[in-house]
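From first to last, the protein sequence lines stand for chains A and B. Just so it is clear: in the first sequence, position 134 is 134 by this note's numbering, and no numbers are missing. Just so we're on the same page, this note's numbering is the position in the second sequence counted from 1, plus 1000. Cβ coordinates follow ideal geometry from the N, Cα and C atoms, glycine included. Small disclaimer: the values here were computed from a predicted structure and weren't measured. Okay, so here's the structure we're looking at.
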Amino acid sequence: VSDHRIRGVEWRDRATDEIGQVTGMFPRPPEMKIPWDDIIKLDLHVVRRADRCLRAADPDDEYQETARNARRRVGLAVLRRVREDGVDPIAALRSVLDERDRLFTGRLLAWMDTLGPGGRAALGAEVVTWVASLASWSPLARLGHREADVLLEGTLDWDVPGRAVKVRAPADVLAPHGVRPPDRRIMVVAPNLHDADLVAGHAALGYALSRASVPAQVAVLAPASGAARFGVDEELLGAALSRVVAAAASVVAARMGPEAPATAGRWCRWCRLEAECAEAQVWATQHPVRFGGLVPITVRGGADDGG
Amino acid sequence: VPSPAADRFTVGALLDDLLRSPPPPADQEAVADLTRWFTEEAEARVQVCPPEARPLRLPKQRIESLLACERMTLAQLGPLPLSEALVRGRCTDLQVAQHVTTGSTPEVEADLRDALLTRGDNDVLAWIDESGDEARQRLWRHAEHVRSSLRAGWGQVDGSWWARPQERVQVGLAGGDLVLTCTFDLAVGGPGTDRPWLLLEVKAGSARDGNRSDLLWYSLVATLRHGRPPDVVAAWSAADDGLVPVPIGVGSLEAAARRGLAALDRLVELAAGREPEVRPNGRCRWCPELDRCEPGLASLDAPRTASDATYLDEELDLLADEETGW
C-alpha cells in the first residue's frame, strides 16, 4: 500500500476520533436514514465562519437559487464541455443549457426550467466569466482534457462513521487524472486569496478523508486576484482538522448549548446574533464603520470593506 | 446636404480591426518597471496609514471623488439608494451580457425582468414595480434603444473572443492593506485566448471625455493582475452607440498610476483622521452635504459645464464596482 494511502487511512482514523468526540450527541445508528437538515455539514463556509468566531451565525436569509448561487454547479458542466469538445465557453454554455435535463437534477434543474431567455442569459453571464477564468488558468490549460478530472459535483464528501456528520470540501478539478500518486493535485476556485491556506487545507483534508489518500498539492484560484499553491503536509492537514473540529463544536453548541465563546470583529456586522451579542456590541462601539478605510460623515448602512 | 457616407466607429468594427491588425505588444520590461514602481510607491504610502483603518480600498469612482472634493467623498460613502439612473445602468449591463451570451430577443421588458429575478435583484424589481408609469416607460424605451444599438453597433460577437461580462479584478498590495478593485463590464480576448485583449466599459448614457481616466485606471489594475496590459480599453455608450477606444501603452499606464497615487495620498490622510478639504465642483448639486456646505452652495450659481450634464453616467456605475460587480 502506498504511503499516501496509509497516511490517508491514518487521517480518517484521527478525524473519526476527534470529530466523533465533539459530536457524540449526534449519533447515526447503523442503517438509519437521517433527514438532511439534521445532518451537521462541516463545509468550507461553516469552517470559515467558526475560524472567525465560534458563536457566529448566518443571516436569516433563506437559501435562494440565483444565477450566482448556481454559477459553480453549472460552470463545472460547461468547463468540462469546453475541455472535452475544445469549444469556447459560450458555445459550451448553450449546449449545456440545451442538455440540462441530462446533466442536472432536483432543485437546480427545476429552477433552470423556469428561466426564460433573460434568465438564461443572466445565468450564462455568470457562468461564462467564471468558466473562462478557470479554463484559461495555466496549470489547467496546459493539461489535456484526459489529464484532468472536472468534478461536476464540485465537492468531496465524507460521512463521519457513527455520526450524523458530513465533512464536505470544495474541489473543482483533480489532476492529473489516473496517473501516478505523487502528481495528485486538487484545483479549487475561491472568491479571494485572503484565506487561501484555509481553503487549501480544507480541500486537502476533504480529499484525504473521502479518498483515504493524501493529495500532494492544492492550487487555489481566485479569478479576480490570482492563484496560490500549497504542498500538502502534516501541518496543513493538522490545522485543517483542528478547524473542522472547532467548527463541529461550534455547530453543536449552537444547536444544543452551552453558548460558544465569541470573537468579535468585522464579521459581526453580518451575523444575525449581533444585536444580542455583548462582545459584538463592545466591538462596534470601539470600531466605527469604515468604507474602504474611510469613516463616513453620514452612515447610510452597508459596507464595502469586505468581510 | 447629407453627410458623406462613412463607416461609424462601432464595437463590431473595433473587434474586426483588432483581429485584422493586432496591436504590437507593449514593452514588457517597461511595463514591469512601471508596475514595480507603482507598487513600491503605493506600499510606501500605506505604511503610514493607521492599522485600524486598513484595508484601504481604491475603486475607480473613489479616485475621481477624492480628486474632486474630499468632503463629498466622505458624504457619499456607502451604497447609493436606487434611482432611475442606477436601474437603467443595471439593465444596460444585463442587456450587454445577454447580447454576447445567449442573444437578445424582442421581448426586452420580459427578458430584463427575468434576468433581474434570476440574479435575485429583488430590490431593482421592486423599484421598477413601485416607480410610476412614466418612469417605467422611460426605462423600457431606453432598453429598446439599447437593444437597437447593440444590434447595429456590435453585431454578433464571435464566441472565439470568449466574451466575459462583469469580469472582476482585485489586486492586493502591501500585504492586502491596499485593495484595488475593478469590474470590467465586458472583457473580450486576452488571457486564455489567442486574440487581442479589449476591456469595455458600458455606459447607459452618452459618452464623455472624462471616461478616459477610468479606462486608464482599469488598464493599470488589469496589468497588475495579469502582468500584461490590455491592448485597448474602451467606453461604449448606449444612448448614442458611441465608442471611445483608448490604446494602452506604458505612457497611459503611468498616467493612471500617477493619478491613482495622488488619490491614495488623500485617502491615507483622510483615513488617518485629517479633516476633509472642500473643493466646489460640478458635482456639488448631487452631494448629500450640500445643505451644510457654503462653498458648494455658492458654486451652484456658477454656470453648468458640459460634464455636469452627464453625471448620471457616473452614478450608474457607482454600485457596480463597489458592491456586487453588477
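Below 8 angstroms on C-beta distance, what does residue i contact in chain A?
{"i": "B/Ser1160", "result": "Asp88"}
Excluding sequence positions up to five away, which residues of its chain have a Cβ less than 7 angstroms from the Cβ of residue i?
{"i": "A/Arg71", "result": "Glu126, Val127, Trp130"}
{"i": "A/Pro89", "result": "Val78, Val82, Val128, Val131, Ala132, Ala135"}
{"i": "A/Gly308", "result": "Within the shown structure, residues of chain A are numbered from 1 to 307, placing residue 308 of chain A beyond reach of any answer."}
For a contact defined as C-beta to C-beta under 7 angstroms, what are the partners of residue i on chain B?
{"i": "A/His194", "result": "Gly1176"}
{"i": "A/Gly124", "result": "Thr1101, Thr1102"}
{"i": "A/Ile297", "result": "Leu1074, Ala1075, Glu1289"}
{"i": "A/Thr66", "result": "Thr1118, Arg1119, Gly1120"}
Excluding the 5 residues preceding and the 5 following residue i in the sequence, name in chain order all residues of the same chain whose CB lies nearer than 6 angstroms to its CB.
{"i": "B/Phe1038", "result": "Ala1257"}
{"i": "A/Ala249", "result": "Val22"}
{"i": "A/Ala200", "result": "Val218, Val220, Phe230"}
{"i": "B/Leu1015", "result": "none"}
{"i": "B/Ala1115", "result": "Leu1094"}
{"i": "A/Ala212", "result": "Gly8, Val9, Arg12"}
{"i": "A/Pro325", "result": "The shown model of chain A, from 1 to 307, leaves out residue 325 of chain A, and the question about it has no answer."}
Name, in chain order, the residues that DSSP records as bridge partners for residue i.
{"i": "B/Pro1328", "result": "Here chain B covers residues 1001 to 1326 and nothing more, so residue 1328 of chain B does not appear."}
{"i": "B/Leu1267", "result": "According to DSSP, which records beta bridges pairwise, B/Leu1267 is partnered with nothing at all."}
{"i": "A/Met187", "result": "A/Val173, A/Ala219"}
{"i": "B/Gly1192", "result": "None, per the DSSP bridge assignment."}
{"i": "A/Pro291", "result": "With the sequence shown as reference, residue 291 of chain A is identified as Phe, and Pro is not the correct amino acid for it. A/Leu294, per the DSSP bridge assignment."}
{"i": "A/Lys166", "result": "A/Lys41, A/Asp159"}
{"i": "B/Gly1368", "result": "Look at the range of chain B in this structure, 1001 to 1326, and you will see that residue 1368 of chain B is not part of it."}
{"i": "A/Val150", "result": "A/Val173"}
Check the Cβ of residue i against every Cβ in chain A and list those closer than 7 angstroms, keeping chain order.
{"i": "B/Leu955", "result": "Since the first residue shown for chain B is 1001 and the last is 1326, residue 955 of chain B is missing from the structure and cannot be characterised."}
{"i": "B/Glu1167", "result": "Thr129"}
{"i": "B/Gln1098", "result": "Gly118, Ala121"}
Please state whether DSSP places residue i in a helix, a strand or coil.
{"i": "B/Leu1200", "result": "strand"}
{"i": "B/Leu1318", "result": "Reliability fails at B/Leu1318, whose pLDDT of 43 lies under 50, so the model's placement of it is uncertain and no value is given."}
{"i": "A/Pro29", "result": "coil"}
{"i": "B/Ala1115", "result": "helix"}
{"i": "B/Asp1165", "result": "Rather than Asp, the amino acid found at residue 1165 of chain B in this sequence is Pro. Three-state result, B/Pro1165: strand."}
{"i": "A/Gly231", "result": "strand"}
{"i": "A/Phe104", "result": "coil"}
{"i": "B/Asp1185", "result": "strand"}
{"i": "A/Leu237", "result": "helix"}
{"i": "B/Leu1056", "result": "strand"}
{"i": "A/Gly118", "result": "helix"}
{"i": "B/Gly1120", "result": "coil"}
{"i": "A/Gly144", "result": "coil"}
{"i": "A/Gly226", "result": "strand"}
{"i": "A/Ser138", "result": "helix"}
{"i": "A/Glu338", "result": "Residue 338 of chain A falls outside the range modelled here, since chain A spans only 1 to 307, and no answer is possible."}
{"i": "B/Ala1110", "result": "helix"}
{"i": "B/Asp1017", "result": "helix"}
{"i": "B/Leu1290", "result": "helix"}
{"i": "B/Gln1076", "result": "coil"}
{"i": "A/Thr263", "result": "coil"}
From which residue to which residue does the alpha helix (DSSP H) around residue i run?
{"i": "B/Cys1091", "result": "1084-1100"}
{"i": "A/Gly206", "result": "196-211"}
{"i": "A/Arg5", "result": "3-22"}
{"i": "B/Arg1138", "result": "1133-1149"}
{"i": "B/Pro1295", "result": "1294-1299"}
{"i": "A/Pro89", "result": "89-98"}
{"i": "B/Asn1211", "result": "1211-1226"}
{"i": "A/Leu79", "result": "67-85"}
{"i": "B/Thr1039", "result": "1028-1047"}
{"i": "B/Val1157", "result": "Premise fails: B/Val1157 is in no alpha helix (DSSP H) and is neither H nor E."}
{"i": "A/Trp283", "result": "278-286"}
Since residue i is in the beta strand (DSSP E), which residue starts that stretch and which ends it?
{"i": "B/Thr1010", "result": "B/Thr1010 -> no beta strand (DSSP E), and no H or E assigned at all."}
{"i": "A/Asp157", "result": "155-159"}
With hydrogens ignored, establish whether the beta-carbon of residue i is closer than 7 angstroms to any heavy atom of the ligand MG.
{"i": "B/Arg1071", "result": "Summarising the ligand content, the structure contains no ligands, and the ligand MG is consequently not present."}
Starting from residue i, find everything on chain B with Cβ-Cβ shorter than 8 angstroms and list it in chain order.
{"i": "A/Leu103", "result": "Within chain B, no residue comes near A/Leu103; the closest Cβ sits about 17 angstroms away, beyond 8 angstroms."}
{"i": "A/Leu115", "result": "Asp1114, Thr1118"}
{"i": "A/Gly226", "result": "Arg1225"}
{"i": "A/Ala91", "result": "Gly1159"}
Within the same chain, show all residues whose beta-carbon is closer than 8 angstroms to that of residue i, passing over the 5 residues directly before and after it, in chain order.
{"i": "B/Asp1211", "result": "First, the amino acid is wrong: residue 1211 of chain B is Asn here, not Asp. The answer, listed in chain order, is Glu1201, Lys1203, Ala1235, Val1244, Asp1313."}
{"i": "B/Ala1042", "result": "Leu1173, Ala1174, Leu1178, Gly1260, Leu1261, Leu1264"}
{"i": "A/Ala280", "result": "Ala262, Ala264, Cys268, Cys271, Leu273, Glu274"}
{"i": "A/Val282", "result": "Ala264"}
{"i": "B/Thr1105", "result": "Asp1111"}
Of all Cβ atoms in chain E, is any one closer than 8 angstroms to the Cβ of residue i?
{"i": "A/Gly75", "result": "Protein chains A and B are contained in the structure displayed, whereas chain E is not."}
Closer than 9 angstroms by beta-carbon distance: list the chain A residues that pair up with residue i, in chain order.
{"i": "B/Leu1267", "result": "Gly292, Gly293, Leu294"}
{"i": "B/Leu1198", "result": "By Cβ distance, chain A contributes nothing, its closest Cβ being about 14 angstroms from B/Leu1198, past 9 angstroms."}
{"i": "B/Val1171", "result": "Ala224, Ser225, Gly226"}
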